[in-house]
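**Student:** First the structure, which I've put down as structure tokens, then a few questions once you've had a look.
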Amino acid sequence: MTELWAVTTVHREEALLKSAHLFDTAVTVEGVRDFLQRPGHVMLLAWGPNGEGIGFVSGVEMRHPDKQPEMFLYELGVDERFRRRGVATSLLRALRDEAIARGCDAIWTGTERDNVAALAAYRAVGAEVEAESVFIVWDGLDARD
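Each residue of the sequence shown is one higher than the one before, counting from 1 in UniProt numbering.
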């Protein structure tokens, strides 16, 4: 059995709202609108054969004065029913193509060391895991020092 899905760039709010089940927390109209209006923000959706959203990848094009543009892979998610079928690989390849089209010379992201599925998906499209890298996180920012 051949499985078919299409990966497209999201430009319309309705597409993201229709695929809200793919995200970790509630998707709001305001959040969708804000994301889509920000320059450099990219959202790609994989659509199943029945027109349902089955996966997504989001990225943010970044630029620093002394570097070429790079794409930060913000999040990757695939509906549990469609995992291990190549959907993530298709999404990652599409993000890579988008990054190249935008003139980016690298894509980077972070994940947990024990996220075997994500690490396998990234490696499948040529990513290298830099074991010495760490992420520093400030959660719950407010106006205090």
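For each residue, glycine too, the CB sits at the ideal point set by N, CA and C.
Here's the rule: buried if 16 or more other CB atoms are within 10 angstroms of the residue's CB, otherwise exposed. What is residue 180?
**Tutor:** With the chain running from 1 to 145 in the structure shown, residue 180 is simply not present.
**Student:** What does the alpha-carbon distance come out to for the pair D114 and A120?
**Tutor:** 11 Å
**Student:** Given that a residue counts as buried once 16 or more other Cβ atoms are within 10 Å of its Cβ, and exposed if not, what is F56?
**Tutor:** buried
**Student:** Mapping the DSSP letters down to three states, classify G48 as helix, strand or coil.
**Tutor:** coil
**Student:** What separation, rounded to the nearest whole angstrom, lies between the Cα atoms of V129 and S90?
**Tutor:** 20 Å
**Student:** So for F56, helix, strand or coil by DSSP?
**Tutor:** strand
**Student:** What residues match up with H11 in a beta bridge as DSSP calls it?
**Tutor:** Note: H11 sits in no beta bridge, so no partner.
**Student:** Touch check for the segment 58–78 and the segment 33–45: three-plus C-beta pairs under 8 Å?
**Tutor:** Cβ pair count under 8 Å is three or more, so yes.
**Student:** Distance, Cα to Cα, A124 vs V87?
**Tutor:** The straight-line gap from Cα to Cα measures roughly 12 Å.
**Student:** Whole angstroms are fine: how far does the CA of P49 sit from the CA of L73?
**Tutor:** Linking L73 to P49 through their CA atoms gives a straight-line distance of about 26 Å.
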